[in-house]
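Structure first, commentary second.
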Amino acid sequence: MRAAIIGAGYAGMAAATELAARGHPVTVFEASRTLGGRARRVESHGYPLDNGQHILVGAYSELLRLMRLVGANPDKLLERRPLGLVFPGRMQLAAPRLPAPLHLAAALLTASGLSFGARLAAVGFMRRMKQAGFRLAGDTTFAELMAQHGQHASVIRYLWEPLCISALNTPPQEASAQVFLNVLRDSLAAKREASDLLLPRTDFSALFPEPAERFVLSRGGEVRRGTAIRAVDWTPYGFQLEGDASGRSYTHVIAAVAPYHLGRLVAKLPRLQPVLEEIGRLDYEPILTAYLGYPQPVRLPGAMVGVGGTAHFLFQRSDDILTAVTSAHGPHLDLPHEALVARIHAEVCGIIGETPPPAWSRVIVEKRATFACRPGVRRPACETPLANFYLCGDYVASDYPATLEAAVRSGIACARLVS
Ligand SMILES: Cc1cc2nc3c(=O)[nH]c(=O)nc-3n(C[C@H](O)[C@H](O)[C@H](O)COP(=O)(O)OP(=O)(O)OC[C@H]3O[C@@H](n4cnc5c(N)ncnc54)[C@H](O)[C@@H]3O)c2cc1C
């Protein structure tokens, strides 16, 4: 058996790790020189930044397990903080170190900036959802779910909506209520640690894909960086990959590329046409990340701060670098970058007081950051109509929206199907 994995994002490297751990040599092909795909390191102004700010939550159990397996210690590489959300001067919520579900009830009931009625309605909503097993009879939009359950405008604005848009990367009026509930079930409503925020202390290539590469190499596998596969062909001897200089045949192929890169790759495999048609119906949403490098130290009142303006969230990247993130589409995408940075800087000043403008900035717009997670969205399975050809990635069928954990779980699922 010889498996080829095309794409070294989190999904591809999870598949490679799982196969290597099971004693199967794999060859990973990655078009870029940097591993990590949409969650990869981007050097800028002498700093190792990321293609976009990412965070993890404690519920990412499979990514955390694989990190440990490849020798990337999550306790060192991630800063674990109990669930907390702060919109300075407007709302603050913090979960005490109590066992679940008391931690969440206490966080909701003691949140400042929300009326007592709003807090009670939020607790009631969580209780009803738990009783229903976080299952809806039929999917609807997040906005409709909030209306059906009488959630107050303040709690929607400062709690549910920020959670929805950052997890599903889809505007609340369009986002799938069922996928939102899946996220609540496995984070806020699960054991206390699942709702912890895990903030990176390193870049996202170093967090998992690079240690995973070392693990794969140490078990006889290969990782070919800077090698784009142009097409996969099926022959009686196995799969052959255009762009693989070795000319070798593979018994199994795992395509771990983003959905919009699959079409060209499988153009010579007519059995995959129905899968491509399904993928062709996916829409995508952008994510904007702006790095602001200040000439002096700047300090936010928390490592992650809600803004709800041009920036949705601000992060303290280092003493003098702040990161702003805005999920999904919106008018911010029409702004020239200087105007956008000026607005975000004004929002920073609104939080920390007047401060000199950034000395440099870097704006990254990932136009197809994730698929649009709408009610009833159809996602392909790992297994395809072509034997021994598998798909993995954050868009593959799963309970989760397009996240690192969804990508990793799909990679593991493919590896288990192969071996
Ligand atoms: C800005 C931004 C912020 C995000 N924030 C978060 C967050 O906070 N938390 C979270 O959990 N998720 C977040 N996500 C989502 C997360 O990044 C993705 O779900 C995840 O990285 C997808 O991984 P993947 O392996 O499925 O795909 P990708 O990362 O797209 O990997 C595919 C890989 O395939 C390679 N490739 C493509 N074609 C070829 C070819 N022909 N030959 C060889 N290689 C090829 C690509 O170069 C790429 O490396 C964010 C995404 C973005 C863009």
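In this note's numbering, the protein residues as written are 339 to 757.
Quick reminder that beta carbons are idealized off the backbone N, C-alpha and C, glycines included.
Given the structure is predicted, the values throughout are model-derived calculations rather than measurements.
Does the Cβ of residue i lie closer than 6 angstroms to at least one heavy atom of ligand 1?
i	result
aspartate 732	yes
leucine 742	yes
arginine 376	yes
isoleucine 682	no
isoleucine 567	yes
serine 736	no
serine 699	no
histidine 490	no
histidine 650	no
histidine 841	This structure cannot settle anything about residue 841, because the visible part of the chain is limited to 339 through 757.
histidine 599	yes
glutamate 356	no
phenylalanine 546	no
serine 543	no
valine 595	yes
phenylalanine 480	no
isoleucine 750	no
phenylalanine 577	no
glutamate 560	no
isoleucine 617	no
Can you tell me whether DSSP reads residue i as helix, strand or coil?
i	result
isoleucine 393	coil
glutamate 759	What the structure shows of the chain is the stretch from 339 to 757, and residue 759 is not part of that stretch, so it cannot be assessed.
valine 746	helix
lysine 529	coil
histidine 490	coil
arginine 717	coil
methionine 429	strand
isoleucine 567	coil
lysine 468	helix
alanine 593	strand
glycine 422	strand
alanine 456	helix
alanine 710	coil
threonine 336	This structure leaves residue 336 out entirely; the chain is present only between 339 and 757.
phenylalanine 463	helix
Where does residue i land, buried or exposed, given buried means 16+ other C-beta within 10 angstroms?
i	result
arginine 619	exposed
glutamate 499	buried
tyrosine 588	buried
histidine 383	exposed
aspartate 388	buried
threonine 573	exposed
asparagine 411	exposed
tyrosine 575	exposed
glutamate 615	exposed
aspartate 732	buried
methionine 548	Inspection of the sequence shows that residue 548 is occupied by glutamate rather than by methionine. Buried.
phenylalanine 454	exposed
glycine 361	exposed
glutamate 623	buried
glutamate 580	exposed
alanine 583	exposed
glutamate 356	buried
arginine 712	buried
arginine 379	buried
Do the CB positions of residue i and residue j come within less than 7 angstroms of each other?
i	j	result
cysteine 502	alanine 513	yes
alanine 377	phenylalanine 553	no
alanine 725	serine 736	no
threonine 508	alanine 710	yes
valine 408	alanine 550	yes
alanine 342	valine 591	yes
valine 364	alanine 346	no
alanine 594	alanine 349	yes
valine 746	leucine 401	yes
aspartate 534	arginine 406	no
leucine 447	arginine 457	yes
Under the criterion of a Cβ to heavy atom distance below 6 angstroms, does residue i qualify as lining ligand 2?
i	result
glycine 347	Looking for ligand 2 in the displayed structure turns up nothing; the ligands present are ligand 1.
Out of the options, state which residue places its alpha-carbon closest to the alpha-carbon of residue i.
i	options	result
glycine 471	Ala528, Ala505 and Gly601	Ala528
valine 395	Arg602, Leu416 and Leu483	Leu416
alanine 569	Gly631, Tyr385, Ala342 and Ala605	Ala605
valine 645	Val686, Pro509 and Ala433	Val686
serine 656	Leu522, Leu579 and Gly631	Gly631
serine 678	Gly691, Ile689 and Val663	It is leucine, not serine, that sits at residue 678 in the sequence shown. Checking every option, the nearest Cα to that of leucine 678 belongs to Val663.
arginine 700	His667, Tyr738, Pro669 and Ile659	Ile659
tryptophan 698	Gly688, Gln634, Pro669 and Gly640	Gln634
isoleucine 625	Arg609, Leu671 and Ala397	Leu671
alanine 432	Ala445, Leu536 and Gly476	Ala445
proline 718	Ala707, Arg712 and Cys730	Cys730
alanine 369	Arg530, Val561 and Gly390	Val561
tyrosine 398	Asp524, Glu676 and Gly668	Asp524
If we cut at 7 angstroms on Cβ distances, does residue i have a partner in chain B?
i	result
leucine 671	Among the protein chains of the structure shown there is no chain B, as only one such chain exists.
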